[in-house]
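Engineer:
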Amino acid sequence: MPSELQRVAQGLVDSLNEIPRVIAALDARVRICRDHAAIVMQLSGGSATMVAQQLDAAARACEAAANYLSQAPPKAHGWAQQMVDGIRTTGPTGDGTARRADAPGSSTPPTDRRPDDDQPEPEGGKSGKTAGAGDKLRREDERSPRQGVRSGREVVDKLPRRVVVQGQRVKTRGRWIDGDGGEHDLISGQHEEEYGEAQRHAERLGRVRRGAKLSTAADVELKFAMKMRREGITRATIYLNNRPCVKDMSCTTLLPEFLPPGSELTIYGPDDYEKTFRGVPETP
Numbered sequence: 001m002p003s004e005l006q007r008v009a010q011g012l013v014d015s016l017n018e019i020p021r022v023i024a025a026l027d028a029r030v031r032i033c034r035d036h037a038a039i040v041m042q043l044s045g046g047s048a049t050m051v052a053q054q055l056d057a058a059a060r061a062c063e064a065a066a067n068y069l070s071q072a073p074p075k076a077h078g079w080a081q082q083m084v085d086g087i088r089t090t091g092p093t094g095d096g097t098a099r100r101a102d103a104p105g106s107s108t109p110p111t112d113r114r115p116d117d118d119q120p121e122p123e124g125g126k127s128g129k130t131a132g133a134g135d136k137l138r139r140e141d142e143r144s145p146r147q148g149v150r151s152g153r154e155v156v157d158k159l160p161r162r163v164v165v166q167g168q169r170v171k172t173r174g175r176w177i178d179g180d181g182g183e184h185d186l187i188s189g190q191h192e193e194e195y196g197e198a199q200r201h202a203e204r205l206g207r208v209r210r211g212a213k214l215s216t217a218a219d220v221e222l223k224f225a226m227k228m229r230r231e232g233i234t235r236a237t238i239y240l241n242n243r244p245c246v247k248d249m250s251c252t253t254l255l256p257e258f259l260p261p262g263s264e265l266t267i268y269g270p271d272d273y274e275k276t277f278r279g280v281p282e283t284p
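Residue numbers (full-length UniProt numbering): 1 to 284.
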């Protein structure tokens, strides 16, 4: 019979599983508000500015709410699910030696171990190098030994499930694990500076006319490629809950031109998807 803690954890898991649906509904509301704002301005000949501004404000509020929800740590889902399954009885602030309920005193097997379970290294002993040298190391190889312990499939399986709602666009969620083992959430959308950078890069490449929108500029893959350019990252691995698209002007087609020349980006996705993209030299 489940304990009270397991019942609470199950409620948390159920709530976290609903987040993608709520985000999709908020995204739909954003489109409706903006469409109505455009219609109001068109029908009023531009005189109903106040109404259009209120609709736009509502759209921005929905975007902010969706972005806030999207930042719910994927790690929380894993912790709650482990408590439901009886694998973990300590919280995130525990001693990092979570034990199975059916094996008191035993340590967590490697396949069940979360990043938090690893013993932290001393600050000065992570690489034996100065901070500057450490930065260079991260840029040269983002796939740290700690990351290599876990398979790509294991990391992908811990990401929020992508729930497709008919007629609505669903955001892609992902994770990047940096050279120090730090985990960074990734999400598609136009709310980050990398979106604008990807848009401008597409214009420089002649992929779109100036002022025209490249829809895939909002995709995680192209935005992360721009992050690699800005931060001088030459090798990285990201994990997504959606496979890269293969349509015309897709990430699969554009990534080699968006990545820094000579760099490598490995992407893991559902159904054992794994592919490494390499940046091509820029043409003058």
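Quick reminder that beta carbons are idealized off the backbone N, C-alpha and C, glycines included.
Measuring CB to CB, does Ala-217 end up less than 7 Å from Ala-198?
Structural biologist: Start at 1 with the first residue of the sequence shown, and residue 217 comes out as number 217. Start at 1 with the first residue of the sequence shown, and residue 198 comes out as number 198. In contact: Ala-217 and Ala-198 (Cβ atoms closer than 7 Å).
Engineer: Determine contact between the segment 14-32 and the segment 53-68, defined as no fewer than three beta-carbon pairs at a distance below 8 Å.
Structural biologist: Yes, since at least three Cβ pairs between the segment 14-32 and the segment 53-68 fall closer than 8 Å, the two stretches touch.
Engineer: Is the distance from the Cβ of Arg-175 to the Cβ of Tyr-239 below 7 Å?
Structural biologist: For the purposes of this step, residue 175 is taken as the residue at position 175 of the sequence shown. For the purposes of this step, residue 239 is taken as the residue at position 239 of the sequence shown. Going by C-beta atoms, Arg-175 is nearer than 7 Å to Tyr-239.
Engineer: Excluding five sequence neighbours on each side, which residues of the same chain lie with their C-beta closer than 8 Å to the C-beta of His-191?
Structural biologist: The residue labelled residue 191 in the question sits at position 191 within the sequence shown. Closer than 8 Å at Cβ, skipping near neighbours: Glu-63, Asn-67.
Engineer: Counting beta carbon pairs with one atom in the segment 4-16 and one in the segment 26-39, are three or more of them shorter than 8 Å?
Structural biologist: Counting Cβ pairs under 8 Å, fewer than three are found: no touch.
Engineer: Quick check: what's the CA-CA separation for residue 350 versus Val-164?
Structural biologist: Outside the shown range of the chain, which is 1 to 284, sits residue 350, and nothing can be said about it.
Engineer: Quick check: the Cα distance between Thr-266 and Cys-251, rounded to an integer number of angstroms?
Structural biologist: Along the sequence shown, one-based indexing puts residue 266 at 266. Along the sequence shown, one-based indexing puts residue 251 at 251. Those two C-alpha atoms are separated by around 13 Å.
Engineer: Does the Cβ-Cβ distance between Pro-244 and Glu-274 come in under 7 Å?
Structural biologist: Taking the first residue of the sequence shown as position 1, residue 244 is located at position 244. Taking the first residue of the sequence shown as position 1, residue 274 is located at position 274. No, these two residues do not count as a Cβ contact at 7 Å.
Engineer: Quick one: what does DSSP say Asp-271 is sitting in, helix, strand or coil?
Structural biologist: As a first step, residue 271 must be located in the sequence shown, where it is residue number 271. In the structure shown, Asp-271 sits in coil (DSSP, three-state: anything other than H, G, I, E or B).
Engineer: How about Ala-38 and Val-84: are their beta carbons less than 7 Å apart?
Structural biologist: Working through the sequence shown from its first residue, we reach residue 38 at position 38. Working through the sequence shown from its first residue, we reach residue 84 at position 84. No, Cβ-Cβ distance for Ala-38 and Val-84 is not below 7 Å.
Engineer: Which full runs of the alpha helix (DSSP H) of 4+ residues lie inside the segment 145-230, going along the chain?
Structural biologist: Qualifying alpha helix (DSSP H) stretches, in chain order: 145-148, 152-157, 193-205.
Engineer: Where does Ala-48 sit, in a helix, a strand or coil, going by DSSP?
Structural biologist: One-based indexing of the sequence shown puts residue 48 at position 48. Residue state, collapsed to three classes: coil.
Engineer: Arg-235 lies in the beta strand (DSSP E); which residues open and close that run?
Structural biologist: Working through the sequence shown from its first residue, we reach residue 235 at position 235. Per DSSP, Arg-235 belongs to the beta strand (DSSP E) from 235-240.
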